[in-house]
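Trainee: Residue numbers (my numbering), protein chains in the order written: chain A, 79 to 227; chain B, 79 to 227.
2 protein chains.
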Amino acid sequence: MADMTIGRLAEIAGVGVETVRFYERKGLIDCPRRPQRGFRIYPDSAVGRIRFIRQAQDLGFTLREIDELLSLRADPATDCAKVWKQATIKLADVGDKIARLQRIKGALEELIAACPRRGALRACSIMEALGQPPKISAPPRPQRRRRPR
Amino acid sequence: MADMTIGRLAEIAGVGVETVRFYERKGLIDCPRRPQRGFRIYPDSAVGRIRFIRQAQDLGFTLREIDELLSLRADPATDCAKVWKQATIKLADVGDKIARLQRIKGALEELIAACPRRGALRACSIMEALGQPPKISAPPRPQRRRRPR
DNA sequence: CTTGACTCCGTACTAAAGTACGGGATGTAG
DNA sequence: CTACATCCCGTACTTTAGTACGGAGTCAAG
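Structural data, given as structure tokens:
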């Protein structure tokens, strides 16, 4: 099984047809459009690509970040040092996410263990496990904060 | 230092004032509005709350999910078994996220290790580490897929 | 050669999560 | 007491990530 139409691709990858076209517009999947009559024909590797995108999204990466992630394996013409740097940054990012998820996990486990499974709930907050100041220690009031995301 | 106005809270928590009001509207932070003249006054615990929300968001939880997460520590009147169930579900979810992030991490480490830091790039894709079929094995073509998210 | 499923493209709409705006009230430092 | 920073509320705008729609072209089975 190789080479499929957009509908089939969308189906096995578990997304809508429009989503595939959307990702194409965003440059997240290389556009194939073998125009034997205008129809897009995809290699089955496209399935993995789309699955990767969904997974990464579920892990908190934006499409932009996923694009960065994907372009790490891009054309061999790129400067390798640049790629290395990008990968290193992403690695730190991922490590950080893991650490924080592990804190949540620990807190959840504690919560679950502490729960007698009947009666009222003891004081056990997941919140305790997080919310510690990272490093933003209140700059000297630069009037009207602005924080994009 | 306890009890602050919305502006101060927003500042230390590292968000905009509007965001705080937005979270209040969404029921993510309990509305304090001690109306000694309409102004909202927050206890400093609100800082942790907001930080928690941002962290969780960064880890791929939606505000709705965060609400679920937070309501686990809610009022002691709730049935404990219900809370336990919710927590267990979330725990599985978190474990899953961690596993997948670890796969990405491994792939990134490999990529970094394989990169000689100069010259052209060897064939090394992060994509390899993911994209394996979860379980959706193409249902018998139920005509016109539909997949919300 | 018709019919029904599938594709094309562009445009428009939606939902989530904020951000910005504007006009009015309030509180506090000088 | 007056300025000026903050606060109030509601409404409107923005970005991200899709979804939906509609009219037309296309392909394959009967």
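By construction, the Cβ of each residue, glycine as well, lies at the ideal position given by its N, Cα and C atoms. All of these numbers come straight from a predicted model, not from anything done at the bench.
Leaving out the 5 sequence neighbours to the left and right, which residues in its chain are closer than 7 Å to B/L87 when beta-carbon positions are compared?
Mentor: In the second sequence, the residue the question calls residue 87 of chain B occupies position 9. Excluding sequence neighbours, B/L87 sits near V98, Y120, A124 and V125.
Trainee: In angstroms, rounded to a whole number, what distance separates the CA positions of B/T113 and B/T83?
Mentor: Residue numbering aside, residue 113 of chain B sits at position 35 when the second sequence is read from its first letter. Residue numbering aside, residue 83 of chain B sits at position 5 when the second sequence is read from its first letter. The residue you asked about is not Thr; residue 113 of chain B is Pro in the sequence shown. Between B/P113 and B/T83, the C-alpha separation is close to 12 Å.
Trainee: Roughly how many whole angstroms lie between the Cα atoms of B/E187 and A/K163?
Mentor: If you number the second sequence from 1, residue 187 of chain B lands on position 109. If you number the first sequence from 1, residue 163 of chain A lands on position 85. Computed Cα separation, rounded: 12 Å.
Trainee: Per DSSP, B/Y120 forms a beta bridge with which residues?
Mentor: As a working note, residue 120 of chain B is residue 42 in the second sequence. B/Y120 pairs with B/M82.
Trainee: Just the C-alpha distance for A/V95 and A/D108, rounded to the nearest angstrom, thanks.
Mentor: The residue labelled residue 95 of chain A in the question sits at position 17 within the first sequence. The residue labelled residue 108 of chain A in the question sits at position 30 within the first sequence. Straight-line Cα distance between these residues: approximately 15 Å.
Trainee: Residues of chain B with CB under 8 Å from A/A165, in chain order?
Mentor: The residue you call residue 165 of chain A lines up with position 87 of the first sequence. Chain B residues near A/A165: L186, L189, I190 and C193.
Trainee: Looking at the C-beta of A/G173, does it have a partner C-beta in chain B at a distance below 9 Å?
Mentor: By one-based count along the first sequence, residue 173 of chain A stands at place 95. A/G173 counts as touching chain B.
Trainee: Going straight from the alpha carbon of A/I190 to that of B/A165, what length do you get?
Mentor: Translated into positions along the first sequence, residue 190 of chain A becomes position 112. Translated into positions along the second sequence, residue 165 of chain B becomes position 87. The alpha-carbon atoms of A/I190 and B/A165 are separated by roughly 7 Å.
Trainee: Going straight from the alpha carbon of B/R132 to that of B/G92, what length do you get?
Mentor: Looking up residue 132 of chain B in the second sequence gives position 54. Looking up residue 92 of chain B in the second sequence gives position 14. If I take the Cα positions, the gap works out to 9 Å.
Trainee: Roughly how many angstroms separate the alpha carbons of B/C193 and A/Y101, rounded to a whole number?
Mentor: Locating residue 193 of chain B in the second sequence gives position 115, counting from the first residue. Locating residue 101 of chain A in the first sequence gives position 23, counting from the first residue. Using only the alpha carbons, I get a separation of about 28 Å.
Trainee: Can you give me the C-alpha to C-alpha distance between B/D171 and B/F117, rounded to a whole angstrom?
Mentor: Indexing the second sequence from 1 puts residue 171 of chain B at position 93. Indexing the second sequence from 1 puts residue 117 of chain B at position 39. Answer to the nearest angstrom: the Cα atoms are 39 Å apart.
Trainee: Any Cβ of chain A within less than 9 Å of the Cβ of B/R219?
Mentor: As a position in the second sequence, residue 219 of chain B is number 141, starting the count at 1. For B/R219, the predicted model reports a pLDDT of 33, less than 50, meaning its position is unreliable and no value from the coordinates is stated.
Trainee: What did DSSP end up calling B/L141 once you bin it into helix, strand or coil?
Mentor: Counted from its first residue, the second sequence places residue 141 of chain B at position 63. Three-state result, B/L141: helix.
Trainee: Is there at least one Cβ from chain A nearer than 9 Å to B/K104's Cβ?
Mentor: Sequence index remark: in the second sequence, residue 104 of chain B carries index 26 (1-based). Closer than 9 Å: no.
Trainee: Rounded to whole angstroms, what's the CA-CA distance from B/L179 to B/G105? Just pull it up for me.
Mentor: Along the second sequence, one-based indexing puts residue 179 of chain B at 101. Along the second sequence, one-based indexing puts residue 105 of chain B at 27. The alpha-carbon atoms of B/L179 and B/G105 are separated by roughly 30 Å.
Trainee: Quick one: grab the DSSP three-state call for B/G92.
Mentor: Taking the first residue of the second sequence as position 1, residue 92 of chain B is located at position 14. Coil at B/G92, not helix or strand.
Trainee: Since B/D136 meets chain A, which of its residues come closer than 7 Å, beta carbon to beta carbon?
Mentor: In the second sequence, the residue the question calls residue 136 of chain B occupies position 58. Simply G138.
Trainee: Measure from the C-beta of B/L169 to each C-beta in chain A and report whether the shortest distance is under 9 Å.
Mentor: Here the question's residue 169 of chain B lines up with position 91 in the second sequence. Closer than 9 Å to some Cβ of chain A, the Cβ of B/L169 qualifies, so yes.
Trainee: Under 8 Å between beta-carbons, which chain B residues line up against A/L179? List them in chain order, please.
Mentor: Here residue 179 of chain A is taken as the residue at index 101 of the first sequence, counted from 1. Those within 8 Å of A/L179 in chain B are L137, V172, K175, I176 and L179.
Trainee: Give the range of the alpha helix (DSSP H) segment to which A/G105 is assigned.
Mentor: To locate residue 105 of chain A, count along the first sequence from 1; it is residue 27. Taken as a continuous stretch (DSSP letters only), A/G105 belongs to no alpha helix (DSSP H), as it is neither H nor E.
Trainee: Taking B/R196 as the reference, which of A/I176, A/R196, A/C158 and A/K175 has the closest Cα?
Mentor: Position 118 of the second sequence, counting from 1, holds the residue named residue 196 of chain B. Ranking A/I176, A/R196, A/C158 and A/K175 by Cα distance to B/R196 puts A/C158 first.
Trainee: 9 Å is my cut-off, CB to CB: does A/L141 come that close to chain B?
Mentor: Within the first sequence, the letter at position 63 stands for residue 141 of chain A. Judged by the 9 Å Cβ criterion, A/L141 is not in contact with chain B.
Trainee: Comparing alpha-carbon positions, which option in B/R103, B/G85 and B/I182 lies nearest B/R142?
Mentor: As a working note, residue 142 of chain B is residue 64 in the second sequence. The residue with the shortest Cα to Cα distance from B/R142 is B/R103.
Trainee: For A/R111, is the classification buried or exposed, using 16 other Cβ atoms within 10 angstroms of its Cβ as the cut-off for buried?
Mentor: Residue 111 of chain A sits at position 33 when you count from the first residue of the first sequence. Exposed: under 16 other Cβ atoms inside 10 Å.
Trainee: Does the CB of B/I182 have a neighbour CB from chain A at under 9 Å?
Mentor: Here residue 182 of chain B refers to the residue found at position 104 of the second sequence. Closer than 9 Å: yes.
Trainee: If distances are taken between C-alpha atoms only, which option among B/E89, B/R115, B/I90 and B/D122 comes closest to B/A80?
Mentor: Here residue 80 of chain B refers to the residue found at position 2 when the second sequence is read from its first residue. Taking only the C-alpha atoms, the option nearest B/A80 is B/D122.
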